[in-house]
Amino acid sequence: MAESMLSCRGLGVRFGGVVALDNVDFDVAEGSITAVIGPNGAGKTTLFNAFTGLVPPSGGAVHFNGSAIDVLPPYKRANAGMVRTFQNLEIFTNMSVLDNVLAGCHRTIGYNFLDALLKTPRYMKQEREHEEHARRILEFVGYDGPLDRPAGDLPFGGQRALELARAIAARPRLILLDEPAAGLNMRETKNLGKLIARMRDELHLTIALVEHDMDLVMSVSDRIMVLSFGKVLAEGTPAEIQQDERVIAAYLGEDDLSDQEREEADA
């Protein structure tokens, strides 16, 4: 197995008397697509929030790219190469499609305020490079419309793709996707799965995702962790998870399995 890019050991998160995460061990191998699944309230988004520094852990340790990041604020984790998307769309609806993607380039800006004010050669050079970078990313995610189109005018599926484009623009090493298929129809979800696989294969990104769409999860994931009431219920390949009786009973359910998968689970 490849070396872990992101890992946690004994991770716990409490909100008063509520235990959201309880002694969670988790690894995301470099170059992999790793999914986190589980019923609502299992602690999936809390796990991502702990990784990105949005909630403080009550115990345990988080490592990214071999370094402890427990005490780092969110912006320093982003600067280290960890970015994320959210369940609810977080795009700038009044800004253009291009400007939304350019906003993701802030991590790599090498000019200062005075450069921008005076439009120095350094500023102009980097702005041209960032715009070309943004154009390539928009092409990568399949956008072929006007670059000056307001982002709020895009259909919902287009806004989801734009959010991914902005995350890619930050030149991360790891992207955390929190329910990226939420609100998408079947065709859009299938295209999303292809895009996520291309992000790994062509851009060499490491990806962790929280997702409820089991067809998407099973089709793109290298490994899957199942959370239940804040604890790790199971971990393994998609085939192993589909046949795990604990997962079937707690989350997948008989109705979510095909006839072939049901026969394999009973074998």
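With the UniProt record's numbering, the residue at position 116 of the sequence shown is 116, and numbering never jumps.
Ideal Cβ positions, reconstructed from N, Cα and C, are used throughout, including at glycine.
Burial state of residue i (16 or more Cβ within 10 Å)
i: A267; result: Note that A267 has pLDDT 44, beneath the 50 cutoff, so the model's placement of it is unreliable and the number below is only indicative. Flag for A267 reads exposed.
i: G152; result: exposed
i: E202; result: exposed
i: E240; result: exposed
i: P155; result: exposed
i: G66; result: exposed
i: residue 328; result: The displayed coordinates of the chain run from 1 to 267. Any statement about residue 328 would go beyond what the structure contains.
i: E3; result: exposed
i: L177; result: buried
i: G145; result: exposed
i: D25; result: exposed
Euclidean distance between Cα positions of residue i and residue j
i: L257; j: S228; result: Because the pLDDT at L257 is just 44, under 50, the model does not fix this residue reliably, and the point stays unresolved.
i: E263; j: G53; result: Confidence at E263 is low in this model, with a pLDDT of 46, below 50, so the placement of that residue should be treated as unreliable; the coordinate-derived value is given next. Cα to Cα, E263 sits roughly 43 angstroms from G53.
i: residue 272; j: H106; result: In this structure the chain extends from 1 to 267, so residue 272 is not present and cannot be described.
i: L11; j: S58; result: 8 angstroms
i: D222; j: A35; result: 8 angstroms
i: G41; j: G230; result: 8 angstroms
i: A103; j: Y123; result: 15 angstroms
Whole-angstrom C-beta distance between residue j and residue i, which should lie under 8 angstroms
i: T46; j: V13; result: 5 angstroms
i: A181; j: T189; result: 5 angstroms
i: F48; j: V210; result: 6 angstroms
Contact test: residue i Cβ vs the ligand NAP heavy atom, cutoff 6 angstroms
i: I33; result: What this structure holds is no ligand at all, so the ligand NAP is not there to describe.
Cβ-based neighbour list, residue i, same chain, cut-off 8 angstroms, excluding 5 preceding and 5 following
i: N185; result: G157
i: L98; result: E131, A134, R135, L138, L147, D148
Cβ shell of residue i (< 6 angstroms), same chain only, five flanking positions each side left out
i: N100; result: I91, F92, A151, L162, R166
### Task
Would you check if the segment 94 to 102 and the segment 198 to 218 touch, i.e. whether three or more CB-CB distances between them fall below 8 angstroms?
Judged by Cβ distances under 8 angstroms, the segment 198 to 218 makes no contact with the segment 94 to 102, as fewer than three pairs qualify.
### Inter-stretch contact at 8 angstroms, needing at least 3 Cβ pairs: the segment 115 to 133 / the segment 51 to 67
No: the two stretches stay apart, fewer than three of their Cβ pairs being nearer than 8 angstroms.
#### Entry: Three-pair Cβ contact test at 8 angstroms for the segment 74 to 85 versus the segment 110 to 127
With a cut-off of 8 angstroms on Cβ pairs, the segment 74 to 85 is not in contact with the segment 110 to 127, counting fewer than three such pairs.
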